[in-house]
Structures are given as structure tokens and as C-alpha cells.
Amino acid sequence: MSFEEISHTADIKIRAHAPTLEALFSETFKALMQVIYGTNRAGGILREIRIESSDNESLLADFLSEVLFVSEVESLVFSDACIRIDGLCLTAELWGEPFDPVRHSGGSEVKGISYSGLAITSEANGYMLDIIFDV
Amino acid sequence: MLEGINRIGMHEWEVPVGYVAGMRVPGRFFLSESLGKTLEPGAVQQLANVATLPGILKNSLAMPDIHWGYGFPIGGVAAFSVDEGVISPGGVGFDINCGVRLLTTPLLHKDVTGRRDLIDELFRTVPTGVGAKSVLKVSPQVLECMMVNGAQWAVKAGYGVERDLIRCEEGGFLKTADIRSVSAKAKQRGIPQGGTLGSGNHFLEIQVVHEIFDPDAAKAFGLALGQVCCMIHCGSRGLGHQVCTDHLKILESATKKYHITIPDRQLACAPITSPEGMAYFGAMAAAANYAWANRQMITHTTRQVLSKMFRIEYDQMPLIYDVAHNVAKMEEHVLDGKRMNVCVHRKGATRAFGPGSRDIPHDLTSLGQPVIIPGSMGTSSFVLHGTQVAMDRTFGSTCHGAGRIMSRTQAKKNLSGREIMANLLKEGIIVRAHSENAIADEAPDVYKPSDEVVNVVHEVGISRLVARLSPLGGIKG
């Protein structure tokens, strides 16, 4: 399991690999939180998200958009997620902590999850994706 | 220049129909030979993708700050027939009405030289960066007023003076706002963020007028050599981001419903006159108005700080102009000799209406509207004026900034925020930000040289240079 930032002129492009779809979503979720809030994040508070969508890419984009929403309105910084995917339904338990300006101000606000170039593909050891976060 | 692109003028290039399948019109962009070295194939592909959308008129256009975005390229402009065309959030972006405004002051360079306390005070009073919340208590009713009346609400609420509105594109609010199309989620995000700057490339900068190119135009705009000004660059915050996210989803279904073929999901769209298209248009206008109210509130805070620190009057700091960078609007343009209403999308581009336009301040009718072009941190910003050439060739549009050439990933690897701040300080430029990464992300080297970009629009004639402003200090998210 891993994610990396790929060079993109205007925005943040993430490439992730994982053995399962759930793990792939979890890596992308962690990448999103790292871009916004940096690496110093802890757990403690639980939130649940349920999403249904029309395909895997939409499911991921909708899930991450919901994470952006919950994180912003509740001032929560998430560190970990337990994700279950059943067909095109996703349930996620997110673990996080209240936003701390000292530890969490080092990143870039993500304005939205872009569909441009978003593709989830199967590979020998599982799945991979490229995704662009608008910052 | 990239293969398959034809040169049709000194700074003008055509992407022919067929560059990507389904193009209805050619693409056209403005770029100098030297700036062409930084052009990404992805940006040209996106320009060509836009040309496939139904009802596109004349050309899919891009300004010299063109770079790879999502949906439209950054710097992209396209106009659509109201009857046969579409509207797309991919032509506006997540940060609806991200824009820029310029205030002048009666202060001179020497008055603010070395005044770190000014930058510190602005950093303290204007909420910036990730997680920043407004100190203002915005009620749901006030939020509705912000979305309906934009900067006009803000002025009536005491955050400015009447004259500010005359100096805003569209008078500081779009009359087409429909708050019923704004989701509860978007409203929830909008409430705590009124008067906040945001992060990324948003900034508030103290500048000095360093060079005047057109003395008559500078005088008409109210700019003088050596004068201290303030530039504010921000948008519609989480409310606008949520409007885009919500309607992208709705329009994706609509794209299928109306049997529209698109080459990129981010170009999801619907006929302008369809219920889905109208809903996005109304919600986007509401978010644009929120952005105008937001910039007006930050203007008020800035004026209060300057007024207190330098003992100058609030009304001694007039607004030169406020322009939107990310917006879709109904505008009147002349096509094939006929005056008609079209839906112009500008995604990282600036309106540059020329002389005689009914939509610019009356006292500037003979000149054209002011065009404000921010540079990158540490480099010059510019004031230009709109032209008839822009009306004829780009649906009254010009560039919006310098345009990035280096990724944020690369910037963080190559440049230390601390070193950049130290180098800027040697030049007398004081910068405050919440993190060193924010400085490295937006360092001068990550952008095209702003003077080269504005020289292209000046030489093509889609706007003409009036003045150059140099940075003295600023705050970033």
C-alpha cells in the first residue's frame, strides 16, 4: 500500500497502489488529509460516512468530497479510516481529532476532487489510481 | 511549439479541428515563442476538449497564462450560444469567482518601508490559511443576503462605500443568483468563512506603483507613481467549492440525459436553458456573489488597519477595480456583425471590456475597464485596460496572472520556504504565512515571468499596459 505525489503544474496529483479497493480508497483518503493538514495527525474521534454512487470513480470522488465537507464544518482532522465497499455502496469509519492550528496549518486547502484523469485500474497486485486535488 | 499546432500570428496559435475527435471549432491561444517552451501537451488537449462542447462559438480560447488544469485549461475562455450551448462547472472551477481587486492609498513608498508591524497586523486581523474561521457572526439570513446581493450587501452592512460597487465587475453581484439551488451543505460551509482569505495562491499584498506606461489611463484610474496600493486575491471559499462539487454530480447525470458526449468527466455539462443548467447557473451566481461580499469584507478590514496605523481616512483608499477570474456569465457580444447574448466561461481569465462598453464605469467609457493582473509573490503585478481588440477576438477577455510552470511537489523539493522569505526580505519584501510550505508552493520561480505574460496580451492588443506595481509585503494562506 502506498501513495505518492506526481508532478502536476497547477494542482496536486496523487498516484496510489493497494491490494484491495478498500485499501486504495483508504490510501487516497490519507493522501487527501496529508495534503491539507500535514503528517502530524492523531485519532480519537469517530465519524461515519455512507455513500452510494454509479461507478467506482464516482464512489471515490463522492467519498472524498464528503470527507472534505465533514472535516471543514466540524473542524476535524482525520488520520485513519476503516472502509467497507459492497458493490457501489461505501461505509467508512473515520478516526480523527479536533483541528489544531499549531500542528495542522502546514498544508494546502483542497477545493475539490477532480474527475479529470481519474481512473481506477486493476494491476497484478491489486489496484492503482491517479487523482487530482484542486488546491 | 508542440506538434500539430499552427502559428497564425506573432503570438497567436491555432489548434486545428481534428486535434482531438469531435472538435466543433478550432482552438486558439496567445503565447510568445519563449513562453511556448513551458506549454504542456495536457493544457492543449484540454483546450481542444472544450472545442467539442455543443454550441461553442468561434473558438475555444486560451490566454498566455495557459496551463494544465482540469476540465478547461487554466487561462481558458469559451462562449456558448444560449439556445444551443451548454454550461459546465469545468469551465468555472471549484473556486467560483476567485478574483482580485486593487485599492489605492494616499501613502507613499517611504511611509511603509520596513513596516513589519503593518504586515503583522494584517496577518492578525485577516483570517488566512487552512482551518481559518471568520470572527464575524454570520447568521443564515445574512448568508442569504451575501449570496443574493454580494458586495452590495457588504456595502449596505457597513463594509465599504457606495463607490466601491461602481468599481466592481457586474457592480459586485450577479442578479441571476438562485439560492434555492445552493445546498444546505454549501450554506453550512459559507457561514463561518465570510471575510477569510483562504490558502493556496490567495494573498493580500501591499504594493507600490513602480512604473507608469500610460499616464492618461493611470490618472483616470487614480494611480500615481510611488503610490502605495493593496491587492486582495481570494474567492468563494468552501461555499463555492461545495456548489461546484454538488452541481458537477447533477450535471454528470444531465450530460447522459441530454446525450452529450464529453471527452473528460470534469466537462460535465447541460444545455444552458435546461433545468439542470439553470440550477447550476443560479447556484454559481450565488457563490460568485458570496466571493464579492468576501473580498469586500476583507477590503473593509484592510482599510481599518491602514486607517488606524497611518492615520488616514477610510475614504482615502478608493477601489481601482475588482475582477472575477473563474465565472460563467451572460454577456452581450457581437458575432458576425450581430449583437447577441452568449454565455461566456472564464476559467483563470479576466474580463477586459473595451471602450464604449455599457458594463464599465461611466467615467471610464472612453478608456475601457481596469484589468488587474497579479504577479507571483516577489514579482510585479500589473494594471491594464480593456480594449476593442479583446471585444472582437476574445469575448472581452485577457490573462489572469502569471501562470504556473512548476508543480507544487517540485517547488517543495527545490525551494525552502525559509530561504525564499530571506531572499524576499533582502529585496525589502516582508511575507507572512502559516507555513514555510505555503511560501515554497507559491515562490516566484514556480510561475512564468509575469512581465512576459502581460507583454503578450499587450502586444496582441487584448488589453494594454497602464502601470506596474512592485510588492512590498504580504500575507498568504
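In order, the protein sequence lines correspond to chains D and A.
Sequential numbering of the first sequence, starting at 4, is according to the numbering used here.
Sequential numbering of the second sequence, starting at 7, is according to the numbering used here.
Idealized CB from N, CA, C, for every residue including glycine.
Note to self: When you compare the CB of K33(D) with every CB in chain A, is at least one pair closer than 7 Å?
What the structure shows: no
Checklist line | Cβ neighbours of L171(A) in the same chain (closer than 8 Å, five flanking residues each side left out) | finding: A157, Q158, V161, G177, G178
Notebook entry, point to check: For the 8 Å Cβ check, are there 3 or more pairs between the stretch 268 to 281 of chain A and the stretch 47 to 67 of chain A?
Noted result: Taking a cut-off of 8 Å for Cβ pairs, the stretch 268 to 281 of chain A and the stretch 47 to 67 of chain A touch, as three or more such pairs fall below it.
Note to self: Are the CB atoms of Q272(A) and S68(D) within a distance shorter than 7 Å?
What the structure shows: no
Item checked: Contact residues within the stretch 188 to 218 of chain A, judged by C-beta distance below 7 Å to chain D -> K191, Q194, R195, G204, S205, G206
Checklist line | The beta strand (DSSP E) enclosing H73(A), as first and last residue numbers | finding: 66 to 76
Margin query: Strictly under 7 Å for the Cβ-Cβ distance: is A122(D) near chain A by that measure?
Written below: Not one chain A Cβ lies under 7 Å of A122(D).
Check: Considering only C-alpha positions, which residue in the set V311(A), A223(A), V106(A), V98(A) is nearest to D123(A)?
Finding: Residue nearest to D123(A) within the set V311(A), A223(A), V106(A), V98(A) is V311(A) (criterion: CA-CA distance).
Next item on the list: State the Cα-Cα distance for the pair K191(A) and Q248(A), rounded to the nearest angstrom.
Entry: 7 Å
Next item on the list: Could you please give the first and the last residue of the uninterrupted alpha helix (DSSP H) stretch that includes L307(A)?
Entry: A small fix is needed here, since residue 307(A) is Thr in this sequence, not Leu. 281 to 316 is the span of the alpha helix (DSSP H), which, as asked, contains T307(A).
Notebook entry, point to check: In the DSSP assignment, what residue or residues form a beta bridge with M360(A)?
Noted result: For the sequence presented, residue 360(A) should be read as Gly rather than Met. G360(A) pairs with nothing; no bridge assigned.
Margin query: Given a cut-off of 7 Å on the beta-carbon distance, is the pair V484(A) and C405(A) in contact?
Written below: Here chain A covers residues 7 to 483 and nothing more, so residue 484(A) does not appear.
Next item on the list: For L341(A), I'd like the list of residues in its chain whose CB is within less than 8 Å of its CB, leaving aside the five on either flank, ordered along the chain.
Entry: L63, K64, V348
Margin query: Just to confirm my understanding: we take L93(D), look at its own chain, exclude 5 residues before and 5 after, and list those with CB closer than 6 Å. What are they?
Written below: In its chain, beyond the 5 residues on either side, I54, L62, F66 have a beta carbon closer than 6 Å to the beta carbon of L93(D).
Check: Can you tell me the Cα-Cα spacing of L142(A) and G200(A), whole angstroms?
Finding: Each residue's Cα considered, the two are about 7 Å apart.
Note to self: Which complete alpha helix (DSSP H) runs does the stretch 92 to 151 of chain A hold, if anything under 4 residues is left out?
What the structure shows: 115 to 118, 122 to 131
Check: So, is G360(A) buried or exposed, given that buried needs 16 or more other C-beta atoms within 10 angstroms?
Finding: Burial call: buried.
Margin query: Under 8 Å: do the stretch 469 to 479 of chain A and the stretch 215 to 228 of chain A share three or more Cβ pairs, one atom per stretch?
Written below: The stretch 469 to 479 of chain A is in contact with the stretch 215 to 228 of chain A.
Note to self: At a threshold of 6 Å, does S187(A) count as lining the ligand NAD (C-beta to nearest heavy atom)?
What the structure shows: Absence of the ligand NAD is noted for the structure shown, with no ligands found whatsoever.
Notebook entry, point to check: Can you pull the DSSP bridge partners for L325(A)?
Noted result: L109(A)
Check: Can you name the residues that DSSP bridges to W98(D)?
Finding: L49(D), D83(D)
Checklist line | Local Cβ density within 10 Å of Y296(A), reported as buried at 16 or more and exposed below that | finding: buried
Next item on the list: Please confirm whether V350(A) and A294(A) have their CB atoms less than 7 Å apart.
Entry: no
Note to self: Can you tell me whether R169(A) is helix, strand or coil according to DSSP?
What the structure shows: helix
Note to self: Let's see if you can read the secondary structure: which residues bound the alpha helix (DSSP H) around C250(A)?
What the structure shows: 243 to 263
Notebook entry, point to check: In chain D, which residues lie less than 7 Å from G75(A) when you measure between Cβ atoms?
Noted result: A13
Check: Which class does S57(D) belong to by DSSP, given the choice of helix, strand or coil?
Finding: coil
Margin query: Can you pull out the residues from the stretch 70 to 83 of chain D whose beta carbon lies closer than 8 Å to at least one beta carbon of chain A?
Written below: Residues of the stretch 70 to 83 of chain D with a C-beta less than 8 Å from any C-beta of chain A: L71, F72, E75, V76, S78, listed in chain order.
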